[in-house]
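Visitor: Those sequence lines, one after another, are chains E and Z. Under the UniProt record's numbering, the letters of the first sequence match residues 1 to 272, in that order. Under the UniProt record's numbering, the letters of the second sequence match residues 1 to 373, in that order. For every residue, glycine included, the Cβ atom is placed at its ideal position computed from N, Cα and C.
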Amino acid sequence: MNPTQQYKRADGTQSAVIAASGLGLTFQTNDGPVQALSNVDLTIGKGEFVSFIGPSGCGKTTFLRAIADLEKPTAGTLTVNGMTPEQAREARAYGYVFQAAALLPWRTIERNVGLPLEIMGNTKADQQARIKRTLDMVNLTGFEKKYPWQLSGGMQQRASIARALAFDADLLLMDEPFGALDEIVRDHLNEQLLELWARTNKTICFVTHSIPEAVYLSTRIVVMSPRPGRVTDVIESTLPRERPLDIRETPEFLSIAARVRDGLRAGHSYDD
Amino acid sequence: MTFAARSWQAWIVLLLTIVAAITLPFTTNSTGFNSTSAVITLALLIAAIIIDGLRLGNALKAVLLFIAAHGAAWLLISGIAGQEGTAKLSFYLAIAAAWLIAWRCVTLLSGLRVKNRSVDTALRILIPAIFGAWILIIWEALVRGAGIPFILLPPPAAIGQRIANSLPVLGADVRQTIFKSVFVGYVIGCAAGFVTAILADRVPFLRKGLLPIGNMVSALPIIGVAPIMVMWFGFDWPSKAAVVVIMTFFPMLVNTVAGLAASSHMERDLMRTYASGYWQTLWKLRLPAAAPFIFNALKINSTLALIGAIVAEFFGTPVVGMGFRISTEVGRMNIDMVWAEIAVAAVVGSVFYGVIALIERATTFWHPSIRGG
């Protein structure tokens, strides 16, 4: 059953997976309030791959964490699958991939991937089947019995993606998942991620620092800027869904990248 | 045979042996040491110097040196027995020379590269065993050679003999003190500290109110508490167990509280994204992450419990128990029995600690301090 179908909007149009309007989030710190998000309006539909790009402090991670109910917005409305973020979290509506793999060192790779399934109370047989399938999806078959600290950084991050996929949430939230990896591993994982997205038709929200990564992966790129964190531009990608790595040398790719760069620069001019 | 191949120990042994030979005899009265045993002793030392210079396999060389060193030591100690306090300079020089040979032997042994695993394990036990044996040999030789009064420091052989002759008494004391007071107190104290830590974590009001009180409990002087526990729980082991509970409670509480905070924010956020409940997060994330801290407390408490139980017995006890034995035998000038109890306590304490350390290695194998980086 598709959860989005249960939550049709009143006007009957295709319901949004994520809908934010007038969203604001202010942190109370010792140095006074910090406005991490201000007046964000954004709707993300099913099956989209949306990247959030912007300099540090622009609120892209905060927005992702607000969707995941790890932060509470202080203004505006935010719905996930038509529910409040808290309801969505309790319904296990999304898988979250953090900046670091955050695998538990006392569990083998297969037991790390099985962790959400154990918590959600899946049967043992079902757990085994899902672990096998998701590890296969991220090309980690054969590493089931290894401990995280026996694997490379790239493999650890792939295991953490497998863990987020294991319980088959339709929404995948990824917070700079490849930020700590080197260029070659990153290219490889980007390719695999696109493949996975094409195969599973999940909705993916992807936070990144890298313009080429954002352009290569996304159907839509949200450019954000800091102080206060806000959306300055939303760029629809005209690239086809099928994207070989060398698409990054095409003029179309470069022109989208240039537009993203312009958007980032415009956001920055406030600082100078 | 080349002289350069000799170790520095061999050169010093050579020097010591020459001086010892010049300053013979070993003792002021020569009834104990006949000249034959003195000559054999010196011959063994010389033989060791020669062996060290030979082109032999390191294993064979180590065995020969082992025989020479311990043969010389045995001759020296059995010669001095019965005429304590008569040793002269050459006796000490000879013992020092034998010790250096044993040192050389251990150096050779620790340099061996063995493929066979069981031989390797045997070596790993043998090396510290030789090391420990020489502490006892030197203790024995010095105490007998210098004629130190028995009441101040008995020789280890006398302590060993006392242990062998008093096994039933020592056994009863161990049963009373270790298997009753220490074991029961340790289990209750550690369990109570652990449960309190979880409660304090779960209920904020307890965290604010209980931790400072726990702090105060840990500052209670055991010497003051022990007699009160005797009043409360009687003379037998429950009062000692109560002292052990008080001593072990706080280290476990503090370490568990610190351990429960050891998991990272990211890991806790991860559990939150799974909508994991408090107990699931505790069981699957926070307690495993706290395990190194909890084991730390278990190890600290293993020695604390032993101290607590023994000292508590000084304040009233039935006529059995390690603390009782120590306090009464001191009064009766039976110092060898006191040392026998100390030796038994040291062995039991080490085994206790070792077992916990082994369990720790098996459980927290994933921690960088154990898997090595």
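Just verifying my parser: in three-state terms, what is the DSSP assignment at residue 194 (chain Z)?
Guide: Taking the first residue of the second sequence as 1, we reach residue 194 (chain Z) at position 194. Correct three-state label for residue 194 (chain Z): helix.
Visitor: If you run the structure through DSSP and keep just helix, strand and coil, what is residue 222 (chain E)?
Guide: For this step, residue 222 (chain E) is matched to residue 222 along the first sequence. The answer is strand: DSSP assigns residue 222 (chain E) an E or B state.
Visitor: Going by alpha carbons, who is nearest to residue 152 (chain Z) out of Z:335, Z:342, Z:349?
Guide: Taking the first residue of the second sequence as position 1, residue 152 (chain Z) is located at position 152. Of the listed residues, the one whose Cα sits closest to residue 152 (chain Z) is Z:335.
Visitor: Is it true that the CB of residue 309 (chain Z) sits closer than 7 Å to the CB of residue 182 (chain Z)?
Guide: If you number the second sequence from 1, residue 182 (chain Z) lands on position 182. If you number the second sequence from 1, residue 309 (chain Z) lands on position 309. Yes, the pair counts as a contact, with Cβ atoms nearer than the cut-off.
Visitor: What's the C-alpha gap between residue 236 (chain Z) and residue 347 (chain Z)?
Guide: Taking the second sequence and counting its residues from 1, the one referred to as residue 236 (chain Z) is at position 236. Taking the second sequence and counting its residues from 1, the one referred to as residue 347 (chain Z) is at position 347. Spanning the two alpha carbons is a distance of roughly 24 Å.
Visitor: If the criterion is Cβ atoms closer than 7 Å, does the pair residue 263 (chain Z) and residue 287 (chain Z) meet it?
Guide: Here residue 263 (chain Z) refers to the residue found at position 263 when the second sequence is read from its first residue. Here residue 287 (chain Z) refers to the residue found at position 287 when the second sequence is read from its first residue. For residue 263 (chain Z) and residue 287 (chain Z), no; Cβs fall outside 7 Å.
Visitor: Please report the Cβ distance between residue 255 (chain Z) and residue 294 (chain Z), rounded to the nearest whole angstrom; I am assuming they are in contact, meaning their Cβ atoms lie under 8 Å.
Guide: For the purposes of this step, residue 255 (chain Z) is taken as residue 255 along the second sequence, with counting starting at 1. For the purposes of this step, residue 294 (chain Z) is taken as residue 294 along the second sequence, with counting starting at 1. Their Cβ separation, rounded to whole angstroms, is 6 Å, which keeps residue 255 (chain Z) and residue 294 (chain Z) in contact under 8 Å.
Visitor: Measuring CB to CB, does residue 78 (chain Z) end up less than 7 Å from residue 26 (chain Z)?
Guide: Along the second sequence, one-based indexing puts residue 78 (chain Z) at 78. Along the second sequence, one-based indexing puts residue 26 (chain Z) at 26. No. Outside cutoff.
Visitor: Beta-carbon of residue 298 (chain Z) versus every beta-carbon of chain E: anything under 7 Å?
Guide: On the second sequence, position 298 is the one that residue 298 (chain Z) refers to. Chain E, which has no Cβ nearer than 7 Å to the Cβ of residue 298 (chain Z), makes this no.
Visitor: Any chance you could list the beta strand (DSSP E) runs of at least 3 consecutive residues sitting entirely within the stretch 8-66 of chain E, in chain order?
Guide: List check, beta strand (DSSP E) in window: 18-29, 32-44, 49-53.
Visitor: Using a Cβ cut-off of 8 Å, pull out every chain E residue sitting near residue 270 (chain Z), in sequence order please.
Guide: Here residue 270 (chain Z) refers to the residue found at position 270 of the second sequence. Within chain E, the residues whose beta carbon sits less than 8 Å from that of residue 270 (chain Z) are 96, 98, 102, listed in sequence order.
Visitor: Do residue 60 (chain E) and residue 17 (chain E) count as a contact pair if the criterion is CB distance below 7 Å?
Guide: On the first sequence, residue 17 (chain E) is found 17 positions in, with the first residue counted as 1. On the first sequence, residue 60 (chain E) is found 60 positions in, with the first residue counted as 1. Their beta carbons are not under 7 Å apart, which means residue 17 (chain E) does not touch residue 60 (chain E) by this criterion.
Visitor: Residue 85 (chain E) to residue 73 (chain E), Cα distance in whole Å?
Guide: Numbered from its first residue, the first sequence carries residue 85 (chain E) at position 85. Numbered from its first residue, the first sequence carries residue 73 (chain E) at position 73. Cα to Cα, residue 85 (chain E) sits roughly 10 Å from residue 73 (chain E).
Visitor: Among all the DSSP beta bridges, which residues are the ones paired with residue 265 (chain E)?
Guide: As a first step, residue 265 (chain E) is located in the first sequence; it is residue number 265 there, counting from the start. Looking at the DSSP assignment, residue 265 (chain E) forms no beta bridge with any residue, so it has no partner.
Visitor: Closest to residue 148 (chain E) by C-alpha separation, out of E:263, E:49, E:102, would be which residue?
Guide: Translated into the one-based positions of the first sequence, residue 148 (chain E) becomes position 148. Considering only alpha carbons, the answer is E:102.
Visitor: Assuming residue 143 (chain E) and residue 119 (chain E) are in contact, meaning their beta carbons sit under 8 Å apart, how far apart are those beta carbons, in whole angstroms?
Guide: Translated into positions along the first sequence, residue 143 (chain E) becomes position 143. Translated into positions along the first sequence, residue 119 (chain E) becomes position 119. At roughly 22 Å, the Cβ-Cβ gap does not stay under 8 Å, so residue 143 (chain E) and residue 119 (chain E) are not in contact.
Visitor: Residue 56 (chain E) and residue 228 (chain E) - do their beta-carbons sit closer together than 7 Å?
Guide: For the purposes of this step, residue 228 (chain E) is identified with residue 228 of the first sequence, where counting begins at 1. For the purposes of this step, residue 56 (chain E) is identified with residue 56 of the first sequence, where counting begins at 1. Not closer than 7 Å, so no.
Visitor: Could you tell me which chain Z residues have their CB closer than 8 Å to the CB of residue 197 (chain E), listed as they occur along the chain?
Guide: On the first sequence, position 197 is the one that residue 197 (chain E) refers to. Contact of residue 197 (chain E) with chain Z by beta-carbon distance below 8 Å is absent, the smallest such distance being about 20 Å.
Visitor: So, helix, strand or coil for residue 94 (chain E), using DSSP?
Guide: In the first sequence, counting from the first residue as 1, residue 94 (chain E) sits at position 94. Residue 94 (chain E): strand per DSSP, three-state reduction.
Visitor: Would you mind working out which of E:163, E:54, E:26, E:31 sits nearest residue 231 (chain E), comparing C-alpha positions?
Guide: Residue mapping note: residue 231 (chain E) aligns to position 231 of the first sequence, counting from 1. When only C-alpha atoms are compared, the closest one is E:54.
Visitor: State the DSSP-derived secondary structure class of residue 211 (chain Z), mapped to helix, strand or coil.
Guide: For this step, residue 211 (chain Z) is matched to residue 211 along the second sequence. Looking at residue 211 (chain Z) - three-state DSSP - the assignment turns out to be helix.
Visitor: Does the stretch 162-179 of chain E come within contact of the stretch 194-209 of chain E, defined as at least 3 CB pairs closer than 8 Å?
Guide: yes
Visitor: Leaving aside the five residues before and after residue 318 (chain Z) along the sequence, list all residues of the same chain whose C-beta is less than 7 Å from its C-beta, in chain order.
Guide: Along the second sequence, one-based indexing puts residue 318 (chain Z) at 318. By the criterion of a C-beta distance shorter than 7 Å, residue 318 (chain Z) is surrounded in its chain by 235, 236, once the five residues flanking it on both sides are discounted.
Visitor: Could you tell me the alpha carbon to alpha carbon distance between residue 366 (chain Z) and residue 151 (chain E), rounded to whole angstroms?
Guide: Numbered from its first residue, the second sequence carries residue 366 (chain Z) at position 366. Numbered from its first residue, the first sequence carries residue 151 (chain E) at position 151. Between residue 366 (chain Z) and residue 151 (chain E), the C-alpha separation is close to 13 Å.
Visitor: Classify residue 170 (chain E) as helix, strand or coil using the three-state DSSP reduction.
Guide: Counting from one through the first sequence, the residue named residue 170 (chain E) turns up at place 170. Three-state result, residue 170 (chain E): coil.
Visitor: Indicate the three-state DSSP secondary structure (helix, strand or coil) for residue 89 (chain E) in the structure shown.
Guide: Counting from one through the first sequence, the residue named residue 89 (chain E) turns up at place 89. Reduced to three states, the DSSP call for residue 89 (chain E) is helix.
Visitor: Determine the direct distance from the alpha carbon of residue 253 (chain Z) to that of residue 244 (chain Z), and round the result to whole angstroms.
Guide: In the second sequence, counting from the first residue as 1, residue 244 (chain Z) sits at position 244. In the second sequence, counting from the first residue as 1, residue 253 (chain Z) sits at position 253. For residue 244 (chain Z) and residue 253 (chain Z), the distance between alpha carbons rounds to 14 Å.
Visitor: If I follow the unbroken beta strand (DSSP E) through residue 348 (chain Z), where does it start and stop?
Guide: Mapped onto the second sequence, residue 348 (chain Z) falls at position 348. No beta strand (DSSP E) holds residue 348 (chain Z); the alpha helix (DSSP H) holding it covers 335-363.
Visitor: Using a Cβ-Cβ cutoff of 9 Å, what residues of the stretch 272-291 of chain Z are near chain E? List them in chain order.
Guide: 272, 273, 274, 275, 276, 277, 280, 281, 284, 285, 288, 289, 291
Visitor: Given this structure, state the Cα-to-Cα distance separating residue 211 (chain Z) from residue 219 (chain Z), to the nearest angstrom.
Guide: Along the second sequence, one-based indexing puts residue 211 (chain Z) at 211. Along the second sequence, one-based indexing puts residue 219 (chain Z) at 219. Rounded to whole angstroms, residue 211 (chain Z) to residue 219 (chain Z) spans 13 Å at the Cα level.
Visitor: Under a CB-based cut-off of 7 Å, is residue 140 (chain Z) close to chain E?
Guide: Translated into positions along the second sequence, residue 140 (chain Z) becomes position 140. Closer than 7 Å: no.
Visitor: Taking the alpha-carbon of residue 337 (chain Z) as reference, which of Z:135, Z:126, Z:158, Z:145 has the nearest alpha-carbon?
Guide: What you label residue 337 (chain Z) is simply residue 337 of the second sequence in a count that begins at 1. Taking only the C-alpha atoms, the option nearest residue 337 (chain Z) is Z:158.
Visitor: Would you tell me roughly how many angstroms separate the C-alpha atoms of residue 127 (chain Z) and residue 99 (chain Z), rounded to the nearest one?
Guide: Position 127 of the second sequence, counting from 1, holds the residue named residue 127 (chain Z). Position 99 of the second sequence, counting from 1, holds the residue named residue 99 (chain Z). Their Cα atoms are separated by approximately 14 Å.
Visitor: Identify the contact partners of residue 68 (chain E) in chain Z, using a Cβ-Cβ distance below 9 Å as the criterion.
Guide: What you label residue 68 (chain E) is simply residue 68 of the first sequence in a count that begins at 1. Chain Z residues near residue 68 (chain E): 269, 272, 273.
Visitor: Does the structure place the stretch 11-21 of chain Z close enough to the stretch 68-78 of chain Z that three or more beta carbon pairs sit under 8 Å?
Guide: no
Visitor: Would you kindly work out how many angstroms separate the C-alpha atoms of residue 49 (chain E) and residue 217 (chain E), rounded to a whole number?
Guide: Mapped onto the first sequence, residue 49 (chain E) falls at position 49. Mapped onto the first sequence, residue 217 (chain E) falls at position 217. Between residue 49 (chain E) and residue 217 (chain E), the C-alpha separation is close to 7 Å.
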